[in-house]
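Participant: First, the structure itself, so that you have it in front of you.
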Ligand SMILES: [Zn+2]
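In this note's numbering, the protein residues as written are 329 to 597.
Set out below in C-alpha cells:
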C-alpha cells in the first residue's frame, strides 16, 4: 500500500510540475505577443500617413534623390485620391473663408506649400536639376489676406487714374483672382520659373525649365493649370508657369488629353 501511495504522490508532483511549466510557457508567450503588438503600434503611430521616412530628411547625393522619387511614386500610387477629393478653385468656386492648408516649407526656395504637394514638388524639381535645369518658385502659398492686399493695391491705382471703384474692380479681376478664388490660397499651386529668367511673361514659356516642366509635371502629379487656348474655360489667360498638384492619376489624364481641371472634373467617371 505504501508503495502505491508514494507512486501516486510522485505522479501528482509530476503533474503539478507539468502544470507549472505549462503556465510559465503561456505567460512568456503572452508577454512576447504583447511586446510585439506594442512595438508595431508605436512604430505605426510614429509614422503618420503621408509623413516622410526618416532617411528622406537628408537628401543630397544622387542615390538619395532617386530614393526620394521612388518613395514618392510608391506613396502616390498607394494613395486613394478620388476625383471628388480634388479641390476646384476658380472664379465660380471660391474657397471657404476659413480654409487653412497644412503648410510645409521648401527651405531651398523659401516657399510654403501644402504638405500633400511637398514630396512631389521636391521630387519634380530635383529630377529637373539632374537634367541641368535650375528653377525658382516665384509664388507658392499666398494667404487670402495677402490676395486682398494685392487686389486693393491694383484697384486703388486704377481709382487714382479716374476709374470708379466697380470699374476698377472689374478691370483688376481680369488679371488677378478675387479673394478666395486664387489657387495659391490652397498651397497646392506654384508659379515655377527659370532661375535665369524670372519674369512672368510669354518668354517664360520658352525657357528650358518650363518646356521640361510642362512635359514631365504629370509624372509628379502636377498639371499646367491655365493652358493656352483654354481661356474660355479657365477664365484665366495662359500662364506657362502656374502648376497645380492634383495627384499622378488625374495629372496624367489631364495632361495627356490636353484638358483643364474643370473639364476633367466635369467628365463622367
Ligand atoms: Zn500662379
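All C-beta atoms, glycine included, are put in the ideal place defined by N, C-alpha and C.
(1) Does the distance from the C-beta atom of residue 522 to that of residue 535 stay below 8 Å?
(2) Which partner residues of residue 554 appear in the DSSP bridge assignment?
(3) I'd like to confirm the pairing. Which residues does DSSP put opposite residue 517 in its beta bridges?
(4) So if I measure from each beta-carbon to every heavy atom of ligand 1 and keep distances below 5 Å, which residues remain?
(5) If you drop the 5 nearest sequence neighbours on each side, which residues of the same chain put their C-beta closer than 6 Å to that of residue 437?
(6) Between the C-alpha atoms of residue 319 and residue 411, what's the straight-line distance to the nearest angstrom?
(7) Do three or more CB pairs link the region 516–530 to the region 431–450 at distances below 8 Å?
(8) Measure how close the beta-carbons of residue 588 and residue 558 come, nearest whole angstrom, since I'm counting them as under 8 Å.
(9) On the DSSP letters alone, give me the boundaries of the alpha helix (DSSP H) that residue 434 sits inside.
(10) Exposed or buried, residue 470, counting other C-beta atoms within 10 Å across all chains shown (16 or more means buried)?
(11) Shortest alpha-carbon distance to residue 567 belongs to which of 533, 440, 502, 418?
(12) Kindly give me the distance between the Cβ atoms of residue 483 and residue 500, rounded to whole angstroms, as I take these residues to be in contact under 8 Å.
(13) So which of 423, 524, 563 has the shortest CA-CA distance to residue 463?
(14) I'd like to confirm the pairing. Which residues does DSSP put opposite residue 441 in its beta bridges?
(15) Hey, residue 556 and residue 418: beta-carbon distance below 8 Å or not?
Facilitator: On the basis of the data shown:
(1) Counting from 1 along the chain shown, the entry for residue 522 is found at position 194. Counting from 1 along the chain shown, the entry for residue 535 is found at position 207. Yes.
(2) Looking up residue 554 in the chain shown gives position 226. Answer is 567.
(3) Here residue 517 refers to the residue found at position 189 of the chain shown. Residue 517 is bridged to 572.
(4) Look at which beta carbons fall closer than 5 Å to any heavy atom of ligand 1; those residues are 519, 570.
(5) Walking along the chain shown from the start, residue 437 turns up at place 109. Result list for residue 437: 465, in chain order.
(6) With the chain represented from 329 up to 597, any question about residue 319 goes unanswered, as that position is not in the structure.
(7) Here the region 516–530 makes contact with the region 431–450; the two share three or more CB pairs at distances below 8 Å.
(8) Here residue 588 refers to the residue found at position 260 when the chain shown is read from its first residue. Here residue 558 refers to the residue found at position 230 when the chain shown is read from its first residue. Between residue 588 and residue 558 the beta-carbon gap is near 5 Å, inside 8 Å, which marks them as a contact.
(9) Translated into positions along the chain shown, residue 434 becomes position 106. If you look at residue 434, you'll find it isn't in any alpha helix (DSSP H); it sits in the beta strand (DSSP E) that goes 431–434.
(10) For the purposes of this step, residue 470 is identified with residue 142 of the chain shown, where counting begins at 1. Per the 10 Å Cβ criterion, buried.
(11) Residue 567 sits at position 239 when you count from the first residue of the chain shown. Comparing Cα positions, the closest option is 533.
(12) Reading the chain shown from its first residue, position 155 is the one you call residue 483. Reading the chain shown from its first residue, position 172 is the one you call residue 500. So it is a contact: roughly 5 Å between Cβ atoms.
(13) Counted from its first residue, the chain shown places residue 463 at position 135. Ranked by Cα distance from residue 463, the first of 423, 524, 563 is 524.
(14) What you label residue 441 is simply residue 113 of the chain shown in a count that begins at 1. Paired residues: 432.
(15) Start at 1 with the first residue of the chain shown, and residue 556 comes out as number 228. Start at 1 with the first residue of the chain shown, and residue 418 comes out as number 90. Residue 418 sits away from residue 556, with the two beta carbons spaced by 8 Å or more.
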